[in-house]
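Enquirer:
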Amino acid sequence: MRRALIRSALIIFLAISFMPSWAGAAFPVPGAPPRPIQFIDAAGRSVQLEALPRRIIVIGRGPHLILHLLYMFPEGPERLAGMEKRGKSASDFLDLVDPAFKDKKALGVSPGPEAIAALQPDLVLIKGSSAERMSDALAKIGIPVAYLSLEMPDEFYRDVANAGIILGNGTRAAEITAFFRTRIERIQKTLAGLAEEKKPRVLLVMATDRGGKYAVQVPAAGWMQTFQVRTAGGAPVWLDAVQKTSGWTIVNLEQIARWDPDKIFVVAWYSIDPQKMIDSFKADRQWRALKAVKAGELWAFPSDIFGWDSPDPRWILGLTWMAGRIHPGLFKDIDMSGEVREFYGRLFGLDRNSVDSLILPKVRLDVR
Amino acid sequence: MLLCLAASILLGRYPKPYFTPLSAVRDDALALNLILNLRIPRILSAFLIGMVLSAAGAVFQMIFRNPLVDSGFLGVSQGAAFGASLAIVFLGGTAVAVQGSAAVFAFLGLAASYILARRIRLGDWVLRLVMAGIAVSALYSAATGGIKYLADPNRHLPDIIFWMLGGLWAITWKDVLQILPVIVPCLVVLYLLRWRLNLLSLRDETAFSLGVAPGRERLILLVAAVASTAAAVSKAGQIAWVGLIVPHIARRIVGSDSQRALPASMLLGGVFVLLCDDLARTALAGEIPLGILTSFIGTALFLVLLLRRKLELWK
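Taken in sequence, the protein lines are chains W and P.
For the first sequence, position 131 (counting from the first letter as 1) is numbered 147 according to our numbering, and the numbering increases by one without interruption.
For the second sequence, position 296 (counting from the first letter as 1) is numbered 299 according to our numbering, and the numbering increases by one without interruption.
#1: Nearest chain W C-beta to leucine 14 of chain P closer than 8 Å, yes or no?
#2: Is the Cβ of glycine 169 of chain P closer than 8 Å to any Cβ of chain W?
#3: For the putative contact between isoleucine 75 of chain W and proline 129 of chain W, defined by C-beta atoms under 8 Å, what is the C-beta separation to the nearest angstrom?
#4: Quick check on methionine 3 of chain P: does DSSP put it in helix, strand or coil?
#5: What residues from chain A crowd round leucine 41 of chain P, counting only those whose CB sits closer than 8 Å?
#6: What is the DSSP secondary structure of threonine 23 of chain P, reduced to helix, strand or coil?
#7: Nearest to valine 215 of chain P by CA position, among P/Arg197, P/Val229, P/Ala227, is which residue?
#8: Roughly how many angstroms lie between the CA atoms of arginine 197 of chain W and serine 80 of chain P, to the nearest whole one?
#9: Check whether the segment 45–54 of chain P and the segment 235–242 of chain P touch, using three or more Cβ-Cβ pairs below 8 Å as the test.
#10: Provide the residue span of the alpha helix (DSSP H) that contains glutamate 220 of chain P, from first to last.
#11: List in chain order: all unbroken alpha helix (DSSP H) runs of 4+ residues lying wholly within the segment 176–212 of chain P.
#12: Quick one: which residues of the segment 289–312 of chain P get their C-beta closer than 7 Å to a C-beta of chain W? List them in chain order.
#13: Using a cut-off of 8 Å between C-beta atoms, extract the partners of alanine 448 of chain W located in chain P.
#14: Return the CA-CA distance between valine 45 of chain W and arginine 51 of chain W, expressed in angstroms with no decimal places.
#15: Would leucine 193 of chain P pass as a contact of alanine 227 of chain P if the rule is Cβ separation under 8 Å?
#16: What is the C-beta distance between leucine 85 of chain W and alanine 179 of chain W, in whole angstroms, given that I count them as a contact (C-beta under 8 Å)?
#17: For aspartate 175 of chain W, which residues of its own chain have a beta-carbon under 7 Å away from its beta-carbon, when the five flanking residues on both sides are left out?
#18: Is the segment 54–66 of chain P in contact with the segment 245–260 of chain P, if contact means three or more CB pairs nearer than 8 Å?
#19: If contact is defined by three or more beta carbon pairs under 8 Å, each pair taking one atom from either stretch, is the segment 81–90 of chain P in contact with the segment 136–148 of chain P?
#20: Can you grab the Cα-Cα spacing for the pair glycine 365 of chain W / proline 377 of chain W, in whole Å?
#21: So which of W/Val383, W/Trp331, W/Ser373, W/Asp382 has the shortest CA-CA distance to tyrosine 173 of chain W?
#22: Count the other CB atoms, across all protein chains shown, that sit within 10 Å of the CB of glutamine 102 of chain P; report buried if there are 16 or more and exposed otherwise.
#23: Alpha carbon to alpha carbon, how far is alanine 308 of chain W from tyrosine 17 of chain P? Give it in angstroms, no decimals.
#24: With the cut-off set at 8 Å, would you say lysine 118 of chain W and glycine 78 of chain W are in Cβ contact?
#25: Please confirm whether arginine 102 of chain W has its beta-carbon closer than 8 Å to some beta-carbon of chain P.
#26: Between the segment 260–270 of chain P and the segment 118–138 of chain P, do three or more beta carbon pairs fall short of 8 Å?
#27: Nearest-angstrom Cα distance between valine 107 of chain P and serine 116 of chain P?
#28: Measure from the C-beta of valine 258 of chain W to each C-beta in chain P and report whether the shortest distance is under 8 Å.
#29: For phenylalanine 55 of chain W and leucine 183 of chain W, which I take to be in contact (beta-carbon distance under 8 Å), what is that distance rounded to the nearest angstrom?
#30: Do you know offhand how far glycine 272 of chain P's Cα is from leucine 171 of chain P's?
#31: How far does the alpha helix (DSSP H) with alanine 141 of chain P in it extend, from its first residue to its last?
#32: If you drop the 5 nearest sequence neighbours on each side, which residues of the same chain put their C-beta closer than 7 Å to that of isoleucine 300 of chain P?
#33: Are the CB atoms of leucine 225 of chain P and isoleucine 123 of chain P within a distance shorter than 8 Å?
#34: Would aspartate 30 of chain P pass as an interface residue toward chain W - the criterion being a Cβ-Cβ separation below 8 Å?
#35: Compare the C-beta of tyrosine 17 of chain P against all C-beta atoms of chain W and say whether one is closer than 8 Å.
#36: Note down the Cα distance separating glycine 98 of chain W from proline 292 of chain P, rounded to an integer number of angstroms.
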């Protein structure tokens, strides 16, 4: 009797031990990659995970960029276990998409490995294209790290694909990529055959008053803003000013006067009101002498809760808008309100009423 | 000096890089506009700031009898950095708040060093002031580090770093008119009292016996040096090495007598910063931070000076 009981207990024990693999085989998750998962991240590192991560932490610069990417997947909100909070909110936008977002665990600025480990993550995501010391420190305590760059479209598509692998939803990753590619292809098709000399000379600058010092800066050649101008059918005039592959470069008004572009787009730094900024430029004697200002082609770059110029997924909205302003005759049919509804509806699952009431009122469009 | 100023007016990026022909000035309204409203105030600011920083450096080196001191010695630069950081993080970060706060705390650095020096009971007055200055500078640096730690890394921290870069790209006539009432009287005071520096560099008893009131006159000179430096730093940010290296070059040319060395420092400092700023705004399409150029070129000149001195000693 006793032997029979022990034998039964052993069989039950062995059955329970092997059950997860039976469950996996019997009930495969649709779209899930085979385990273990592996991918090459933005820093060129091979990331190997034994299973799909269930608890993901986001740290580093611009955490909202990765958070917005994760929230384009239905699994994102559930898998997000915490994030570094670099400011009063990790994202001013995700509260609208996920009411439970505010309950996510927020780490302080520059959390150490112990603080990160306390959240028991299966994976830590960091924005960047080169490995930092944090990944070594976390690797020593067995916490894997993956980098996401998001800076340029090719990097963005790769990072979306990697997010699909991480979240076990390659299908959704393909949908997201298709959303962006379709819009870019639409613009490129419309502009196909446009001769170089027909492309307006465009200047895109960021106006800042950091540290109380007013400055006008141009983006790096390899950045999203430069890509947006080129793809929208403009000829960027500032590329000879860019001595860095990354970062903003200060330019003075003499240089801008020398370029004298056909169109000027100004990204207003977060603390600057776009309309006031444009008005101050138009009131300035030197700025008024520029061809673009005289012709009414001085535009503030649009934004809603976040700007449409940065590596945030909203860059596709910025690109679409810019194409319509650089070549208004070719893109007469673009309806930006419709584009905004499509963007938030298909990528973040917001219905039309929510977009109309929560997002569209915040959109600063066509400020000039 | 006049040649440098005149040449600088014709250097810029419009209508072509580097040199603006006189015909453009005559025929192009925008060129004239840019020169009158942007270049000239910037050139004047660069020159004045250079004069101030090197005069202050010369005064500090004479008073403290130490060839390695400059405006950072009494907590002036560090105080300005602290004041700017405080304004950026806690006072809204507007231009007025940042510049005002930078100037106030730069001045408070001197006041704190002076008050602390009076309470120290160790060594002579100069030694006490030096020690107090080091302590105040260190305290300000630590406090600035604390503010950077508390600052929002997405917003305030880049602002603080940006302010510290040092540059004159945003200077207009309004800025020049704001600093002139402080800088010009201070430079006049320093110029008129330059000959007293020779006596103040002696021991207090010796200076007193020669008819100098060392405490009072030292204070007047320091206040003039620090006030003008505070005004300059509040507009331009941190510009390194000018106050340290230019007085040495001036003394190499005209000798150590402060009657000649101080005016020479002023002129050379003005020309040095002016030339660096010309390079910063003209060499490339994008602006080069002025602080980087003064550090690079100042360091190179300093090394040349050191090596030449060594060679002369060998001879």
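Heads up, the beta-carbon is just placed ideally off N, CA and C, and yes, glycines get one too.
The structure presented is a predicted model; accordingly, all values stated were derived computationally and were not measured.
Expert: Straight from the coordinates:
#1: Looking up residue 14 of chain P in the second sequence gives position 11. No - not a single Cβ of chain W is within 8 Å of the one on leucine 14 of chain P.
#2: Start at 1 with the first residue of the second sequence, and residue 169 of chain P comes out as number 166. Not closer than 8 Å to any Cβ of chain W, the Cβ of glycine 169 of chain P fails to qualify, so no.
#3: Taking the first residue of the first sequence as 1, we reach residue 75 of chain W at position 59. Taking the first residue of the first sequence as 1, we reach residue 129 of chain W at position 113. About 10 Å separates the two Cβ atoms, so there is no contact after all.
#4: Residue 3 of chain P is absent from the model: chain P starts at 4 and stops at 318.
#5: Looking at the structure shown, chain A is missing, and the protein chains on hand are W and P.
#6: On the second sequence, position 20 is the one that residue 23 of chain P refers to. Three-state DSSP puts threonine 23 of chain P in coil, outside helix and strand.
#7: Taking the first residue of the second sequence as position 1, residue 215 of chain P is located at position 212. For valine 215 of chain P, the nearest C-alpha among the options comes from P/Arg197.
#8: Indexing the first sequence from 1 puts residue 197 of chain W at position 181. Indexing the second sequence from 1 puts residue 80 of chain P at position 77. For arginine 197 of chain W and serine 80 of chain P, the distance between alpha carbons rounds to 52 Å.
#9: yes
#10: Along the second sequence, one-based indexing puts residue 220 of chain P at 217. Per DSSP, glutamate 220 of chain P belongs to the alpha helix (DSSP H) from 217–239.
#11: 176–195, 199–203, 207–212
#12: Gly289, Glu290
#13: Residue 448 of chain W cannot be examined here, being either before or after the span of chain W that is shown, 17 to 384.
#14: What you label residue 45 of chain W is simply residue 29 of the first sequence in a count that begins at 1. What you label residue 51 of chain W is simply residue 35 of the first sequence in a count that begins at 1. Per-residue confidence for valine 45 of chain W stands at a pLDDT of 45, beneath the threshold of 50, marking its modelled position as unreliable; no derived number is given.
#15: Sequence index remark: in the second sequence, residue 193 of chain P carries index 190 (1-based). Sequence index remark: in the second sequence, residue 227 of chain P carries index 224 (1-based). Yes; because the gap between Cβ atoms is below 8 Å, this pair is in contact.
#16: Here residue 85 of chain W refers to the residue found at position 69 when the first sequence is read from its first residue. Here residue 179 of chain W refers to the residue found at position 163 when the first sequence is read from its first residue. About 6 Å; that satisfies the 8 Å criterion.
#17: Locating residue 175 of chain W in the first sequence gives position 159, where the first residue counts as 1. So the qualifying residues of the chain are Ala58, Leu85, Leu164, Ser165, Leu166.
#18: yes
#19: yes
#20: As a working note, residue 365 of chain W is residue 349 in the first sequence. As a working note, residue 377 of chain W is residue 361 in the first sequence. Taking the straight line joining both Cα atoms gives about 18 Å.
#21: The sequence position of residue 173 of chain W within the first sequence is 157, counting from 1. Nearest of W/Val383, W/Trp331, W/Ser373, W/Asp382 to tyrosine 173 of chain W, Cα basis: W/Trp331.
#22: As a working note, residue 102 of chain P is residue 99 in the second sequence. Its Cβ being crowded by 16 or more others within 10 Å, glutamine 102 of chain P is buried.
#23: As a working mapping, residue 17 of chain P is identified with position 14 in the second sequence. As a working mapping, residue 308 of chain W is identified with position 292 in the first sequence. Straight-line Cα distance between these residues: approximately 17 Å.
#24: Counting from one through the first sequence, the residue named residue 118 of chain W turns up at place 102. Counting from one through the first sequence, the residue named residue 78 of chain W turns up at place 62. Contact flag unset, no.
#25: Taking the first sequence and counting its residues from 1, one reaches residue 102 of chain W at position 86. At least one chain P Cβ lies under 8 Å of arginine 102 of chain W.
#26: no
#27: For this step, residue 107 of chain P is matched to residue 104 along the second sequence. For this step, residue 116 of chain P is matched to residue 113 along the second sequence. Looking at the two C-alpha atoms, the distance is approximately 14 Å.
#28: Taking the first sequence and counting its residues from 1, the one referred to as residue 258 of chain W is at position 242. Valine 258 of chain W counts as touching chain P.
#29: Along the first sequence, read from residue 1 onward, the residue named residue 55 of chain W stands at position 39. Along the first sequence, read from residue 1 onward, the residue named residue 183 of chain W stands at position 167. That pair is no contact at about 12 Å.
#30: One-based indexing of the second sequence puts residue 272 of chain P at position 269. One-based indexing of the second sequence puts residue 171 of chain P at position 168. Cα-Cα distance, rounded: 16 Å.
#31: Stepping through the second sequence from its first residue, residue 141 of chain P is reached at position 138. First-last of the alpha helix (DSSP H) with alanine 141 of chain P: 128–153.
#32: Stepping through the second sequence from its first residue, residue 300 of chain P is reached at position 297. Answer for isoleucine 300 of chain P: Cys279, listed in chain order.
#33: Along the second sequence, one-based indexing puts residue 123 of chain P at 120. Along the second sequence, one-based indexing puts residue 225 of chain P at 222. No, the Cβ-Cβ distance between isoleucine 123 of chain P and leucine 225 of chain P is not below 8 Å.
#34: Taking the first residue of the second sequence as position 1, residue 30 of chain P is located at position 27. Closer than 8 Å: no.
#35: Stepping through the second sequence from its first residue, residue 17 of chain P is reached at position 14. Yes, contact with chain W.
#36: As a first step, residue 98 of chain W must be located in the first sequence, where it is residue number 82. As a first step, residue 292 of chain P must be located in the second sequence, where it is residue number 289. Taking the straight line from one Cα to the other gives about 39 Å.
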